[in-house]
Amino acid sequence: MSRVVAGSRLRVDPVACEGVGLCAQVADRVVELDRWGYPVLAADLVDGADVRAARRAVRACPRRALWVEEPDASS
Amino acid sequence: MTDTTTFPEVGTRVRGARVLLSDVVLDAHGPADPTGHARAESLTAHLDRVGPRPTGTPALVEVLDRAGLSGHGGAHVPAASKWRRVLAGDGHLTVVANGAESEPVAAKDGTLLRQRPHLVIDGLLLTAEALGARRAVIWLHGDDRGARKALRAALAERPWSPSAPAVEIVDGPVHYLAGEASAITQAVAGGPALPTVRRRPEPGAPRTLVHNVETLARLALLARGYPPSGTRLLTVLGDGRAVVEVDAATTFTELLVDLGWAEAPQAVLLGGYGGLWAPWTRLAGLPVDEGVLRGEGLSLGAGVVAPLGAWACGVKQTAGLVAYLASMSARQCGPCVFGLPALAESTLALADGRRGAGVDRLLDDAAAVEGRGACHHPDGATRLIASATSTFADDIAAHAAGRPCRGTAEVWPGVSR
């Protein structure tokens, strides 16, 4: 089971991203592509299926442009 | 185009005591070299005027907090919260005085560096001492030779101090994004001067604190026990540019009348090319006070005030500005590389009254770009467009209905017609 931390988000580094688009293929529930082929990400990961999809997207990215960010424990 | 309105009678001009600089007139574009003569304050004159620089200590953060000092580069982030973020880390610290004023109209930072280099250096050294920085850097726009000359002369006047780091002057690129904080952070660490995304920092990672030079000059006064100053430094476009220091209670009407505007503009671009349009009817009675303007959904940003004459076409003017912003992308992020030219094209289509062009399409294009770059460059363009659609709503409706007006765009620095 994937642990879901409230407020977790899939993030993209738009500098590293080259619009390859594999993320949207493996995780279409949390990634859409814009008209130019660059990812538009879900606001929040709300359940285990979202988190699993986000991790698939992170692994699939050949540019290592994606990461899952959990809210800062200190803030 | 709106009807020409005349200014109401202006009573007493609201002018506070100038604490930072004397007003100058500059060419319409380029670095902040005054058309007249303005000498940099010498170290002796500086010390006679404001007294010796105290030593920087972390307790200074409380002074910044009480004074409510916020960043004068445009974003108005409270200085104290930047300090606290730095104090929470432990990697090697570089503090940067950001003098790279890349908005084509803006010249108040360049003017400050030319007139009061010692005040800015004091602010930088106070910050470096207070936070235990290893490096202190002054970052300049690549073509700002006048500022570099004034700073080198000022540094040469200063005795060596064992407690503060040596000040490095670093020339950035000549580009709209040269003053962007994440680009500076990457550049002073030895990388390219291009915006980056901050992923979660590793413990012990090098830290960089970037403050605007005006912020540092104000900090140098606060550290000496001066009360928070109620003035604003503004660059006002007109016949050339004027850099002025005015009391924040000064209204926009008073400001323009004082600078010789005989006729009211139809609208004003506030903050810079990545700023916001405001109709004159709304702005005329408002003060040049960031707090009041924020309450109205406006901001002075980097202190640029660019009035648009009553005869000009705001839609065409905006199309030129968006094209300029598109040309100034760092070409790193897809949504900016493809999105800004698309935005520029749909703004131009609207200005030309082409078939199929409309506000909905334009705002759609803007929404596709908003918040999706590594830096806020694309957001500057989308906010500019959103403010244009409300400020020039009547004109835009006429253009979209195939009745483009006969007004032209004004010639502004860097913007082609």
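Quick note, the sequences are listed as chains P and S, same order. With positions in the first sequence counted from 1, the corresponding number in the working numbering is that position plus 39. With positions in the second sequence counted from 1, the corresponding number in the working numbering is that position plus 14. Glycine included, C-beta positions come from ideal geometry on N, C-alpha and C.
Legend entry - Three-pair Cβ contact test at 8 Å for the segment 378–396 of chain S versus the segment 412–425 of chain S: no
Inset, instruction - Measure the C-alpha to C-alpha separation of Arg68/P and Asp185/S and round it to an integer number of angstroms. - result: Residue numbering aside, residue 68/P sits at position 29 when the first sequence is read from its first letter. Residue numbering aside, residue 185/S sits at position 171 when the second sequence is read from its first letter. Going by the C-alpha atoms only, they are around 46 Å apart.
Legend entry - is_contact[Ala94/S, chain P] using C-beta, thresh 8 Å: As a position in the second sequence, residue 94/S is number 80, starting the count at 1. Judged by the 8 Å Cβ criterion, Ala94/S is not in contact with chain P.
Legend entry - Straight-line gap, Ala150/S to Ser196/S (C-alpha atoms, nearest Å): Reading the second sequence from its first residue, position 136 is the one you call residue 150/S. Reading the second sequence from its first residue, position 182 is the one you call residue 196/S. When rounded, the distance between both Cα atoms is 16 Å.
Legend entry - Cα-Cα separation, Ala356/S to Pro66/S: To locate residue 356/S, count along the second sequence from 1; it is residue 342. To locate residue 66/S, count along the second sequence from 1; it is residue 52. Going from the Cα of Ala356/S to the Cα of Pro66/S covers about 54 Å.
Legend entry - Partner residues on chain P for Arg99/S, Cβ-Cβ distance less than 9 Å: On the second sequence, residue 99/S is found 85 positions in, with the first residue counted as 1. Chain P residues near Arg99/S: none, gap ~11 Å exceeds 9 Å.
Inset, instruction - Take Val202/S as the anchor and find which of Asp261/S, Ile183/S, Pro176/S has the nearest alpha-carbon. - result: Start at 1 with the first residue of the second sequence, and residue 202/S comes out as number 188. Looking at the Cα atoms, Ile183/S is the closest of the given residues.
Inset, instruction - Assign Thr245/S to one of three DSSP states: helix, strand, or coil. - result: Sequence index remark: in the second sequence, residue 245/S carries index 231 (1-based). Strand, per DSSP.
Inset, instruction - Could you tell me whether any Cβ in chain S is nearer than 8 Å to the Cβ of Asp83/P? - result: For the purposes of this step, residue 83/P is taken as residue 44 along the first sequence, with counting starting at 1. So no, Asp83/P is outside the interface.
Legend entry - Under the three-state DSSP convention, the category Asp185/S falls into: Here residue 185/S corresponds to residue number 171 of the second sequence, with the count starting at 1. If DSSP states are grouped into helix, strand and coil, Asp185/S belongs with the strands.
Inset, instruction - Report yes if the C-beta of Leu284/S is less than 7 Å from at least one heavy atom of the ligand ATP; otherwise report no. - result: With respect to the ligand ATP, the structure shown offers nothing to examine, as it has no ligands at all.
Inset, instruction - Determine the contact status of Thr322/S and Glu424/S, defining contact as a CB-CB distance below 8 Å. - result: As a first step, residue 322/S is located in the second sequence; it is residue number 308 there, counting from the start. As a first step, residue 424/S is located in the second sequence; it is residue number 410 there, counting from the start. Strictly speaking, residue 322/S in this sequence is Leu, with Thr absent from that position. Between Leu322/S and Glu424/S, the gap from beta carbon to beta carbon is short of 8 Å.
Legend entry - Candidates Pro187/S, Ala142/S, Val181/S: closest to Leu154/S by CA position: Here residue 154/S is taken as the residue at index 140 of the second sequence, counted from 1. Among Pro187/S, Ala142/S, Val181/S, the Cα nearest to that of Leu154/S belongs to Pro187/S.
Legend entry - Expected contact under 8 Å - CB spacing of Ala63/P and Leu49/P to nearest Å: Position 24 of the first sequence, counting from 1, holds the residue named residue 63/P. Position 10 of the first sequence, counting from 1, holds the residue named residue 49/P. Taking 8 Å as the upper bound for CB-CB distance, Ala63/P and Leu49/P are not in contact here, some 12 Å apart.
Inset, instruction - Using 10 angstroms around the beta-carbon of Trp174/S, count the other beta-carbons present and answer buried if the total reaches 16, otherwise exposed. - result: As a first step, residue 174/S must be located in the second sequence, where it is residue number 160. Counting Cβ neighbours within 10 Å, Trp174/S comes out exposed, since fewer than 16 surround it.
Inset, instruction - Spell out a yes or no on whether the segment 405–413 of chain S and the segment 361–373 of chain S are touching, meaning 3 or more CB-CB pairs, one atom from each, closer than 8 Å. - result: yes
Inset, instruction - Note the first and the last residue of the continuous beta strand (DSSP E) segment covering Pro68/S. - result: What you label residue 68/S is simply residue 54 of the second sequence in a count that begins at 1. The continuous stretches of beta strand (DSSP E) do not include Pro68/S, and DSSP gives it neither H nor E.
Inset, instruction - Measuring only between beta-carbons, confirm whether Asp89/P sits less than 8 Å from chain S. - result: As a first step, residue 89/P must be located in the first sequence, where it is residue number 50. It does not; no Cβ of chain S falls within 8 Å.
Inset, instruction - Could you check which residue in Thr71/S, Gly156/S, Asp409/S, Leu101/S has the C-alpha nearest to that of Pro45/S? - result: In the second sequence, residue 45/S corresponds to position 31, counting from 1. The shortest C-alpha separation from Pro45/S is found at Gly156/S.
Inset, instruction - Establish whether the CB of Pro131/S and some CB of chain P are separated by less than 8 Å. - result: For the purposes of this step, residue 131/S is taken as residue 117 along the second sequence, with counting starting at 1. Put simply, the CB of Pro131/S is far from chain P, with every gap to its CB atoms at 8 Å or more.
Inset, instruction - Examine the Cβ distances between the segment 287–302 of chain S and the segment 65–84 of chain S and report whether three or more of them are shorter than 8 Å. - result: no
Legend entry - Own chain residues within Cβ distance below 6 Å of Leu251/S, not counting five before or after: Counting from one through the second sequence, the residue named residue 251/S turns up at place 237. Taken in chain order, the residues that qualify are Val119, Ala320.
Inset, instruction - Compute the distance between the beta-carbons of Pro84/P and Ser47/P, then report whether it is under 8 Å. - result: The count along the first sequence starts at 1 and reaches residue 84/P at position 45. The count along the first sequence starts at 1 and reaches residue 47/P at position 8. In the sequence on display, residue 84/P carries Leu and not Pro. Yes, these two residues count as a Cβ contact at 8 Å.
Legend entry - 6 Å Cβ shell around Asp303/S - same chain, five flanking residues per side excluded: In the second sequence, counting from the first residue as 1, residue 303/S sits at position 289. Closer than 6 Å at Cβ, skipping near neighbours: Ala262.
Legend entry - DSSP three-state assignment for Leu377/S, whether helix, strand or coil: Position 363 of the second sequence, counting from 1, holds the residue named residue 377/S. Looking at Leu377/S - three-state DSSP - the assignment turns out to be helix.
Inset, instruction - Taking Arg63/S as the reference, give the member of Thr71/S, Leu35/S, Ala42/S, His90/S with the closest Cα. - result: Numbered from its first residue, the second sequence carries residue 63/S at position 49. Of the listed residues, the one whose Cα sits closest to Arg63/S is Leu35/S.
Inset, instruction - Since I believe Ile152/S is in contact with Leu165/S (beta carbons under 8 Å), could you give me their beta-carbon distance rounded to a whole number of angstroms? - result: By one-based count along the second sequence, residue 165/S stands at place 151. By one-based count along the second sequence, residue 152/S stands at place 138. Contact flag correct, Cβ pair sits at about 6 Å.
Inset, instruction - Have a look at Leu191/S and Leu208/S and give me their C-alpha separation to the nearest angstrom. - result: As a first step, residue 191/S is located in the second sequence; it is residue number 177 there, counting from the start. As a first step, residue 208/S is located in the second sequence; it is residue number 194 there, counting from the start. Near 8 Å, if we compare the C-alpha coordinates of Leu208/S and Leu191/S.
Legend entry - Residue span of the alpha helix (DSSP H) that contains His132/S, given as start and end: For the purposes of this step, residue 132/S is identified with residue 118 of the second sequence, where counting begins at 1. Segment 131–145, the alpha helix (DSSP H) holding His132/S.
Inset, instruction - Could you give the DSSP three-state label for Gly353/S: helix, strand or coil? - result: Translated into the one-based positions of the second sequence, residue 353/S becomes position 339. Reduced to three states, the DSSP call for Gly353/S is helix.
Legend entry - chain S contact residues for Cys56/P, given Cβ-Cβ distances below 8 Å: Translated into positions along the first sequence, residue 56/P becomes position 17. By Cβ distance, chain S contributes Cys347, Gly348.
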